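Right, one structure below, let's go through it.
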Amino acid sequence: MSNPKKMSLETSSLFQLTATRLKLTLREPEAMFWIFAFPILLALGLGIAFRNRPADVLPVGATTPQLTQALAADKGLNATKMDESAGTHALAVGTILLLAEQRGDGVVYRYDNTNPDARTARMIADRAIEVAAGRKDVVTAENELIHETGSRYIDFLIPGLLGMNLMGSAMWGLGFSIVEGRQKKLLKRMVASPMPRWQYLAGYLLSRLVMLVIEVVVFLGFARLVFGVPFRGPLWQLALLCVLVSLVFSALGLLVASRATTIETVSGLMNLVMLPMWILSGGFFSASRFPAILQPFVRALPLTAAIDAMRGNMLQGVQLSQLMLQVGILLAWFAVPFAVSLRIFRWR
Amino acid sequence: MQAGAVPALRIRGLRKAFVDVQAVNGIDLEVAKGECFGLLGPNGAGKTTTIEICEGLTDADEGTVELLGRNWKTGADELRQQIGIQLQETQFPDKLTVEETLRLFRSFYRSGITVDESIKLAQLEEKRRSRIGGLSGGQKQRLAMATALVGDPELLFLDEPTTGLDPQARRHLWDLVEEMKREGRTIILTTHYMDEAEQLCDRVAIMDHGKVIALDTPKELIATVCSEDIVEFAVSGSQVPKCEGPGAPKVDVEALKKIPGVQSHRVDDGVHQLSVSELHTAVPRIFAALEEQGLHLSEFRTHSATLEDVFVRLTGRNLRDE
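Going line by line, the protein sequences match chains A and B.
With our numbering, the residue at position 124 of the first sequence is 129, and numbering never jumps.
With our numbering, the residue at position 25 of the second sequence is 752, and numbering never jumps.
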């Protein structure tokens, strides 16, 4: 009954382990949603909310017909005539940014000086009223308008979402299924077979890399087609960064799952690891907003390094050779957790 | 390899303690090639610990284990290729199919039977493309057997292969084990079902509290430990008014024990058990004695001793008591 083993994919245990892992991932509809649909929906939602609109027309109010006419003459303002009490109310509820009142010969502007739009309205309104009263500009000025891709919020957001998505899918993907395998005694059954143990973990990493290709291409393709997000750095370097980032979080997922025996424990641990990075690592807003005292800590987080490096590549076209600090941080976050988890990993 | 010269399994002085319990407390065993050997005992007797030490999954505190002339320290890689293992309560991934699971396990072995052959052996042809989540308990257990067989092992470990299965599924699995025996594989199985051991095993070791308390063929064990027949009966008092409550009426045990041929007596859950040598002369006297005590039989049966009775005799406990 014994047949000598032919060397082919069919009989390669590493291939079979990787293929099995991929099948199991693809047969999990919830996982598919979180990996593919969720980041796209998030990008779409935020992209629409923060889209760059044509320069706003600012709503203002005025107490006399003359003032209203003077203000309405400027294309940047939308002026409404209202009496003082109606104007006060409109200011309070935010339907106008500024109320211009006639007082004797002069004008009084009522507005909130901590609101940037209101300050803009103050400047435009003042100019409009002065021009209407006969002011002449002493210096002639012309405008040349630019709308540069790469400086919009969506451009900033996409590398952040990519980093967070790579973190989530790698950690959940490894952590959950390893602990599930341990809980269901499957890990024990595997080590009771002649399977080389390293191949079990390698199967996870390889299947992760296959998923990564699909995940990254779908997400960045979407960002490119729908939002025109720029890719200024070399694509191969971006690909390399994605692989590195995925390996880092796979190693962290492995570490978190290396001893836990219940899904509850591993979920708690994962949230503990990921939550600080969701907040601190600059996915949605720049990490430099945090106080200086926190900066060394924030910069040392793997997700911060990942997002910084990917933003550098995509938005500024920075070469990998200039991102060595981030790459170094990522390599350390790969090597240490991986080595530790191999040491403490529990097969049963 | 000289046939017969090297035993399939040799255990010497095996001990293993866990934090709170001495699970294995000095075991010596030898299993010949081609034998089907049963480790029998109640839950917690140390069967699983013993078998897992043999499988190289648990380290022993003391003692040596040799399988097929090799040991786990120096010959682990070779051993893993030569043995097949079915563990208690392995749950394979629900979303894999039978065929995919077997193809995966087959890829771990240098040589073995084909995936098709293993599916046929486990009689899972109709389920080959079904996901494991949709299999019955018996089918899952046969799949577990198939994963142990894809490497065409010389030595097969089965840890409680039929626990939790319905009678039909058990018979089905027994057929599979018989088939393995016919193919000349050595099989070591644990069970807490006596009928299973009697049915399948050439020799049986009965374990209790981490020790082997008896070791022989099922037949010999029954013959030497309890050669007698077993009489079981339950009584209800005829003249006992209902107001005295539901408790079974008192039986004068001493009177029964005085009957020639009655060797021992015990009560389990209202059922009296006598082990009796001279069945044909003792039974009429038992009837007479019970009559004399004003007791009516509600149950009465006799059977020849089974391994279950051997266990009861050796330990004073039923297998079901844990």
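Every residue, glycine too, gets a C-beta built ideally from N, C-alpha and C.
Computed from a prediction, not measured in an experiment: that's the story for all the values here.
### Query
How about the stretch 313–333 of chain A and the stretch 154–174 of chain A: do they share at least three Cβ pairs that are nearer than 8 Å?
yes
### Query
So residue 216(A) packs on residue 30(A), CB below 8 Å; how close in whole Å?
6 Å
#### Entry: chain B contacts from the stretch 193–221 of chain A (Cβ-Cβ distance under 8 Å)
193, 194, 196, 197, 198, 199 and 200
### residue 237(A) (DSSP reduced to helix, strand or coil)
coil
### Query
Do the stretch 202–219 of chain A and the stretch 826–834 of chain B meet, that is, are 3 or more Cβ pairs less than 8 Å apart?
no
#### Entry: Per DSSP, cross-strand counterpart(s) of residue 874(B)
The partner list for residue 874(B) (beta bridge, DSSP) is empty, contrary to what the question assumes.
#### Entry: Euclidean distance between Cα positions of residue 342(A) and residue 251(A)
13 Å
### Message
With distance defined between alpha-carbon atoms, name the residue in 936(B), 1001(B) and 944(B) nearest to residue 1078(B).
### Response
Since the first and last residues shown for chain B are 728 and 1049, residue 1078(B) lies out of range.
### Query
Which one or two residues does DSSP pair with residue 963(B) in a beta bridge?
1023(B)
### Message
Quick check on residue 188(A): does DSSP put it in helix, strand or coil?
### Response
helix
### Message
By the 7 Å beta-carbon criterion, what residues does the stretch 766–798 of chain B contribute toward chain A?
### Response
782 and 784
### Query
So what does residue 992(B) bridge to, in DSSP terms?
1001(B)
### Query
So is residue 113(A) buried or exposed if we call it buried at 16+ other beta carbons inside 10 Å?
exposed
### Query
Using a Cβ cut-off of 9 Å, which residues of the stretch 16–35 of chain A contact any Cβ in chain B, in chain order?
16, 17, 18, 19, 20, 21, 22, 24, 25, 28, 29, 32 and 33
### Task
Please compile the residues from chain B whose C-beta is within a distance smaller than 8 Å of the C-beta of residue 362(A).
Only positions 6 to 353 of chain A appear in this structure, which leaves residue 362(A) out of reach.
### Task
Would you kindly check if the distance between the Cβ of residue 1034(B) and the Cβ of residue 934(B) is under 9 Å?
no
### Query
Which two residues bound the contiguous beta strand (DSSP E) that contains residue 913(B)?
913–918
### Task
Use the C-beta contact count for residue 104(A): other C-beta atoms within 10 angstroms, 16 or more gives buried, fewer gives exposed.
buried
#### Entry: For residue 751(B), the nearest candidate out of 771(B), 947(B) and 1036(B) (CA to CA)
771(B)
### Message
Quick check: is the beta carbon of residue 124(A) nearer than 9 Å to any beta carbon in chain B?
### Response
no
### Task
Measuring alpha carbon to alpha carbon, tell me which of 108(A), 294(A), 76(A) and 80(A) ends up nearest residue 89(A).
108(A)
### Contact list for the stretch 848–860 of chain B against chain A, Cβ threshold 9 Å
858
### Message
For a cutoff of 9 Å on Cβ pairs, would you count residue 745(B) as touching chain A?
### Response
no
### Message
Restricting to Cα atoms, I'd like to know which of 824(B), 866(B) and 805(B) is closest to residue 838(B).
### Response
805(B)
### Query
Is it the case that the Cβ atoms of residue 1003(B) and residue 989(B) are separated by a distance below 9 Å?
yes
### Beta-carbon neighbours of residue 836(B), restricted to chain A and to distances below 7 Å
199
### Query
Would you call the stretch 224–232 of chain A and the stretch 163–172 of chain A in contact, with 3 or more CB pairs under 8 Å?
yes
### Query
Does the stretch 182–193 of chain A come close enough to the stretch 298–317 of chain A that 3 or more CB-CB pairs lie under 8 Å?
no
### Message
Below 8 Å on C-beta distance, what does residue 830(B) contact in chain A?
### Response
15 and 21
### Task
Can you tell me which of the three DSSP states residue 922(B) falls into?
helix
### Message
Considering only the alpha carbon of each residue, which of 763(B), 735(B), 732(B) and 774(B) lies closest to residue 749(B)?
### Response
774(B)
### Message
Between residue 353(A) and chain B, is the shortest Cβ-Cβ distance under 9 Å, so that the two count as touching?
### Response
yes
### Query
Is residue 265(A) helix, strand or coil by DSSP?
coil
#### Entry: Beta-carbon spacing of residue 303(A), residue 326(A) below 9 Å
no
### chain A residues whose Cβ lies nearer than 8 Å to that of residue 827(B)
25 and 28
### Message
If the criterion is Cβ atoms closer than 9 Å, does the pair residue 308(A) and residue 128(A) meet it?
### Response
no
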